[in-house]
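Here the protein sequences line up with chains A and B, keeping their order.
In this text, residue positions in the first sequence follow the numbering used here: the first is 21, and each later residue adds one.
In this text, residue positions in the second sequence follow the numbering used here: the first is 12, and each later residue adds one.
Here a beta-carbon is modelled for each residue, glycine too, at the ideal position from N, C-alpha and C.
Only one structure is covered here, and it is reproduced in the block below.
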Amino acid sequence: MAPTTSPPGDAAGLGKARAAAFVLPALVLIGVFLVFPALWTIYLGLTDYRLTGLAAADPQVVGLDNYTDALTDPRFLTSLWLTVAYVGGSAVIGQAGLGFTLAWILRGRTGPVRRAVEGVVLLSWILPSTVVGFLWFALLDRDDGTLNALLHTPGLAWLLDHPLLSIIVFNVWRGTAFSMMLYSAALENVPPSHLETARLAGAGVPQQLRDVVLPLIRRHVLTNLLLISLWTFNDFTPFVLTGGGPEGRSEILPVYVYNIALKGGELGAGAAVSFLILLINLIFALAYLRLLRGRRKSLTGPPA
Amino acid sequence: MTLPRRPAAIAALTVLALSSCGTGAPAGTEDVTLIIAANSISGGKNSESADWIKRWVIPEFERTHQNVKVLFQPSGVNDEQYKTKIALDLKSGTGADVIDLDGIWVGEFAQAGYVKPLTDVGGPTVDSWEGWSQIPQAVQGLGIFDGKKYGLPQGTDGRVLFYNKTLFAKAGLPEAWQPKNWEEIVAAGQKLKAAGVPAPIQINAGTAMGEATTMQGVLPLLAGAGSEIYTDGKWTGASQPLKDVLAFYQQLYSAGLSDPKLQQEAKGRDKSFAQFAAGKIGILAESDYFWRSVIEPKAGVAPMADRDTAVGYAKIPAKTPGGGIRGQDFVSMSGGAVRVLNPNSKNPKLAWDLLAFMHSAAAVKSQLAGQARISPRTDVNTEVLGADPMLEYVAEEVLPVTAYRPGLAVYPQVSVALQEATAAVVSGRGADEAATAYQSKLEGLVGGADHVTAG
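Given below as structure tokens:
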């Protein structure tokens, strides 16, 4: 079929049947590995399914009990609050803030300093989670921890006295690389002449950032925030450091699900909470996408 | 053209990955593979047991069974993680042929259909096994659920108070120490504290310690206060004995005799081992496992070269003499691991042969070689226990006064509720408040107040 005869909207000129054939394998994979498990999770969340015991052999449908139990369970609400603090502290403020700061400082710089900083930041990002977890465990440990040795504060239990702060700092250290790289790329798109003009007009650094840089990289900022907050919301790595402890004080939602579903064996309740997490993620994503779309419209102007 | 090919490649890889999870070749004239899974690993947790399987069981069994290959699947993680892994293995129809389980998990695994009675899997030869007559009824009970035998017990254990004689000498305490009530434990702790011992008494508490909190802490103390966790079809709620137990914890922590941080750490139990070995803990309530696998001078995870001279052991006293369960002066708790057959095994008869072989007198004796432990077999025990005074002490002094946990599927959840009650006390809340919270959680777990005794 010649491109000229293809209907509008069929840029590739494949026709519906062939286009569908190309998409089908991917759709099947998505259906089998993504949609089906998600639907299965919804079903499991309505049962009293357990890992062991009678309810493992013969689960009963219990309706919305798991959801009402979770929403009235102070442990779930604490966990939700801890997760919000964890995402806000480590992703939105920590990673995005530090990543931008590094990108801004290193902008336009070349040579060994930039390469060294980028190398170190990247290294913390590409190391396997378990390795990093044990490194930080060794750093923060109460008895033989490196940090206590450096600060001459033997016996200070960082992971027990400040569990949330510990995992926030840990995750900032771990994930800053992504934000730094994304912002570095974004800042290269800011024409130096704009900054030059702003400087000549007498704008200080905060004003340059607010009036020149931010409007130009706003979509990068939103995309970055969307990605890192979703990742962090579903991040399980802090488990390696604290196991959710002490007594649930660093039990963010993914760890909470693990603890009730696999450690406690309540697979049904775990599935219900997983579904709640999925809903929260969707709300996050929709909010960001709305912001992005609104921005795009205002850039291209009102439709004719 | 690479794009359409990729999903096919992924699918092929997935199929490969899934099929490689199977348990081995089918029975027949060609080679057969059997797998043993246990929570033990060379150079780590239960190292001697892993070595025994690799160096004795596998070669000996393969020698008498041509065409059979036996593999060992080690683990070295905490008990809850191991349990999850095995449950998931069995649930998905895979897993090793012969599997180590804590006896207390047998009920819930059986109810879930993950394990089947030995005769259902291994066939009629199971009942005619020579070993049954050698295993005392109480020990067989570890592998029995609903009157059916699901597993072969690997032995049993007892809980005692271990103490560091070097620290005791420093604090002016006697070398041969046997407290007669809880007050004497506290008094010894105070002397140790005055002598500068960082953590005079360690009785496990909190959820991070898992079952060790219940088994080494709450349940022996509860028995000492005159109550079992489950009697006559009812669970013990916020009764006076339970409040006594929580009050005892409170006494230890408010007087600074125990380290509250240790109960909260993710690896707290391992640390308690290391700290006892390093002379930082005066008194530690543990099972004889601690003696034979942890501070064991050669193969232990926290070896003490001077174990035999520096470490003492005493029976756990009742709150007041005669105040324990059955009117006893001293109490303990016992449990033990069992080995079960995987119902999905492709060679169930052969798997039973292997399991029975691992529990034969020759195998049990070889496992004990160089070290003693209370084996499941009376014929072996009479031969070997004399070699280790500590284990002889457990067999003769502790086992007669011990008690076992109820083999019910809901028990592990009750256990967590007990751990949470101790955690609340350790973090500074009142004993009565913690007991009340425990009571309401317990009622939810076991199906209402009718199944709980209180007051």
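Point to revise | Residues of its chain near A:Gly351, where Cβ-Cβ distance is below 6 Å and the 5 sequence neighbours each way are ignored | key: Nothing in the structure corresponds to residue 351 of chain A, since chain A is present only between 21 and 324.
Practice item. For chain A, find out if any of its Cβ atoms is closer than 7 Å to the Cβ of B:Ala120; answer yes or no. Key: In the sequence under discussion, the amino acid at residue 120 of chain B is Phe, which differs from the Ala named in the question. Chain A contact via Cβ: present.
Point to revise | Status (buried if at least 16 other CB within 10 Å, exposed otherwise) for B:Cys32 | key: Residue confidence is low: B:Cys32 scores 43 on pLDDT, short of 50, so the model does not pin down where it sits. Its coordinate-derived value is still stated next. Looking at its Cβ environment, which holds fewer than 16 other Cβ atoms inside 10 Å, B:Cys32 is exposed.
Point to revise | A:Val112 to A:Phe304 span [Cα, whole Å] | key: 13 Å
Point to revise | Three-state secondary structure (DSSP) of B:Leu172 | key: strand
Check your understanding: What do you get for A:Pro258, buried or exposed, if any count of 16 or more other CB atoms within 10 angstroms of its CB means buried?
Key -> buried
Check your understanding: Touching or not, the segment 368-376 of chain B and the segment 385-403 of chain B, by the rule of three or more beta carbon pairs under 8 Å?
Key -> yes
Practice item. Give the DSSP bridge partners of B:Gln213, in chain order. Key: B:Leu295
Point to revise | Per-residue contacts from A:Gly263 into chain B (C-beta, under 8 Å) | key: Ala219 and Ala277
Practice item. Below 7 Å CB to CB, which residues in the same chain sit around A:Gly153 once its five sequence neighbours on both sides are set aside? Key: Thr257, Val260 and Leu261
**Study point:** Status (buried if at least 16 other CB within 10 Å, exposed otherwise) for A:Phe53
**Key:** exposed
Check your understanding: Short check: CB of B:Ala460 to CB of B:Leu257, under 7 Å?
Key -> no
Exercise for review: Find out if the Cβ-Cβ distance for the pair A:Leu102, A:Met200 is shorter than 7 Å.
Suggested key: no
Exercise for review: Compare the C-beta of A:Ile113 against all C-beta atoms of chain B and say whether one is closer than 7 Å.
Suggested key: no
Review point. Out of curiosity, what's the CA-to-CA distance linking B:Pro57 and B:Ser304?
Key: Checking the displayed sequence, the identity of residue 57 of chain B turns out to be Asn instead of Pro. Straight-line Cα distance between these residues: approximately 6 Å.
Review point. What residues match up with A:Trp101 in a beta bridge as DSSP calls it?
Key: Beta-bridge pairing links A:Trp101 to no other residue.
Check your understanding: Got a sec? Which residues, its chain only, sit under 7 Å from B:Thr136 by beta carbon, not counting five neighbours each side?
Key -> Trp363
**Study point:** Inter-residue Cα distance where the pair is B:Gln339 and B:Trp193
**Key:** 14 Å
Check your understanding: For A:Thr72 and chain B, any beta-carbon pair shorter than 7 Å?
Key -> yes
Exercise for review: Label B:Ser283 either buried or exposed according to how many other C-beta atoms from any shown protein chain fall within 10 Å of its C-beta, with 16 as the threshold for buried.
Suggested key: buried
Point to revise | Separation of B:Val421 from B:Leu429, as counted between CA atoms | key: 13 Å
Review point. So with Cβ pairs under 7 Å, would you call A:Glu271 a contact of chain B?
Key: no
Review point. Three-state secondary structure (DSSP) at B:Asp113?
Key: strand
Practice item. Report back the beta-carbon spacing between B:Thr287 and B:Asn175 to the nearest angstrom; my notes put them in contact at under 8 Å. Key: Per the sequence shown, residue 287 of chain B should be read as Phe rather than Thr. Sure, about 7 Å apart at Cβ, within 8 Å.
Check your understanding: Among residues of its own chain, excluding the 5 on either side of B:Gln262, which ones have a beta-carbon nearer than 7 Å to its beta-carbon?
Key -> Val197
Exercise for review: Give a yes or no on whether the minimum CB-CB distance between A:Lys283 and chain B is below 7 Å.
Suggested key: yes
Check your understanding: Taking DSSP as the reference, what is the three-state secondary structure of B:Thr105?
Key -> coil
Check your understanding: Which value, in whole angstroms, describes the spacing of the CA atoms of B:Ala98 and B:Pro359?
Key -> 19 Å
Check your understanding: Of the choices B:Val425, B:Ile212 and B:Pro332, whose alpha-carbon is the least far from that of B:Thr247?
Key -> B:Val425
Check your understanding: Helix or strand or just coil, what does DSSP make of B:Gly162?
Key -> strand
Check your understanding: So what's B:Ile196 in DSSP terms, helix, strand or just coil?
Key -> helix
Review point. Quick one: Cα of B:Ala329 to Cα of B:Ile292, how far?
Key: 22 Å
Practice item. With a floor of 4 residues, list each alpha helix (DSSP H) that falls wholly inside the segment 23-93 of chain A, ordered by position along the chain. Key: 36-50, 56-64, 74-77 and 85-92
Check your understanding: So who's on the other strand from B:Arg350, going by DSSP bridges?
Key -> B:Asp111 and B:Leu163
Review point. Going along chain A in order, which residues have a C-beta closer than 9 Å to the C-beta of B:Thr523?
Key: A question about residue 523 of chain B goes unanswered here, because the residues of chain B that appear run from 12 up to 466.
Exercise for review: Select from B:Gly104, B:Gln92, B:Thr130 and B:Ser103 the residue whose C-alpha is nearest the C-alpha of B:Leu112.
Suggested key: B:Gln92
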